[in-house]
Amino acid sequence: MDFDDDGVFVPPAAVTTVFVQAWGAGGGGAVGGGAITGAGGGAGGFAWCVLPVQPGTPVAVDVGAGGAGGAGAANGSPGTPTGVDNNLGGVVSAGGGGGASLLLGGSGGTGVCPGQGTVRTGADGGMGNPPPGAPGQGGRPAVDGVVQPAPPGAGEGGDGGGDTDAPGSAGGDGYVVIWW
Numbered sequence: 005m006d007f008d009d010d011g012v013f014v015p016p017a018a019v020t021t022v023f024v025q026a027w028g029a030g031g032g033g034a035v036g037g038g039a040i041t042g043a044g045g046g047a048g049g050f051a052w053c054v055l056p057v058q059p060g061t062p063v064a065v066d067v068g069a070g071g072a073g074g075a076g077a078a079n080g081s082p083g084t085p086t087g088v089d090n091n092l093g094g095v096v097s098a099g100g101g102g103g104a105s106l107l108l109g110g111s112g113g114t115g116v117c118p119g120q121g122t123v124r125t126g127a128d129g130g131m132g133n134p135p136p137g138a139p140g141q142g143g144r145p146a147v148d149g150v151v152q153p154a155p156p157g158a159g160e161g162g163d164g165g166g167d168t169d170a171p172g173s174a175g176g177d178g179y180v181v182i183w184w
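Under the numbering used here, the first residue of the sequence shown is numbered 5, with each subsequent residue one higher.
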């Protein structure tokens with residue numbers, strides 16, 4: 005079952021364990037200023053976890069939102085985390101990527117499993133550049149999943165803006181896959 009928006013998963017009868025892949029949202033890229041190009045936002049973190057569930061007990065899915073790109077004098081905003089809560093005390097979390105600030109790329113998000121699983125840190129955003137440099141690329145590609153990849157753009161950091169006050173781009177939203 006795939007989630008690109010918040011939702012609820014209700015485990016069917018006899019299902020006591022599920023596998024969760026979660027990507028955090030990417031951070032926004034920084035605005036370029038004058039002749040300086042902005043830095044890229046960090047990619048969201050990734051968690052692949054074995055999560056205990058109880059049949060019929062709802063599992064809450066909170067998909068992270070990509071951080072806004074910087075505009076005017078603002079830096080890129082961080083992406084928000086993606087979480088899957090089994091309502092039994094276990095929460096899978098994939099952190100959002102950091103927003104970029106002018107020349108400094110955003111840092112990649114991390115992941116947390118409540119038990120068995122693996123986590124990976126998202127890629128850091130590329131640095132901004134003085135003239136005549138190219139804008140910093142947002143952290144990408146998103147971390148590969150175990151069963152299937154995230155959709156294009158999910159969890160990726162936003163690119164930095166070009167010179168002459170071009171805004172940075174927004175980070176990609178998070179994503180979740182649950183299977184049993």
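Note that beta-carbon positions come from the ideal geometry of N, C-alpha and C, so glycine has one too.
Here Asn-79 is buried: its Cβ has 16 or more other Cβ atoms, across all protein chains shown, within 10 Å. Inter-residue distance for Gly-28 and Gly-178 is about 5 Å (C-alpha atoms, whole angstroms). For Gly-115, the closest C-alpha among the options Val-96, Ser-105, Gly-164 and Gly-109 is that of Val-96. Cβ-Cβ distances below 8 Å link Val-63 to Val-12, Phe-13, Val-14, Pro-15, Val-22, Leu-55, Val-57, Val-88, Asp-89, Asn-90, Asn-91 and Ile-182 in the same chain, with the five nearest sequence neighbours on each side left out; the list follows chain order. In the DSSP assignment, Cys-53 falls within the unbroken beta strand (DSSP E) covering 50-56. Cβ contact annotation for Gly-130 (same chain, cutoff 6 Å, sequence separation greater than five): Gly-44, Gly-109, Gly-140 and Gln-141, in chain order.
Per DSSP, the unbroken beta strand (DSSP E) holding Arg-124 starts and ends at 121-124. With a contact defined as Cβ atoms closer than 8 Å, Gly-48 and Gly-68 qualify at about 6 Å. DSSP links Asp-66 through a beta bridge to Gly-87. By the Cβ neighbour-count rule, Gln-25 is buried, with 16 or more other Cβ atoms within 10 Å of its own. Bridge partners of Gly-11 according to DSSP: Val-65. In this chain, the beta strand (DSSP E) harbouring Ala-98 covers 95-98.
Of the other Cβ atoms in all chains shown, fewer than 16 fall within 10 Å of the Cβ of Asp-6; this residue is therefore exposed.
Nearest to Gly-83 by alpha-carbon distance, out of Gly-60, Thr-168, Gly-161 and Gly-93, is Gly-161. For the set Ala-75, Gly-31, Pro-59 and Gly-157, the Cα lying nearest the Cα of Pro-85 is the one of Gly-31.
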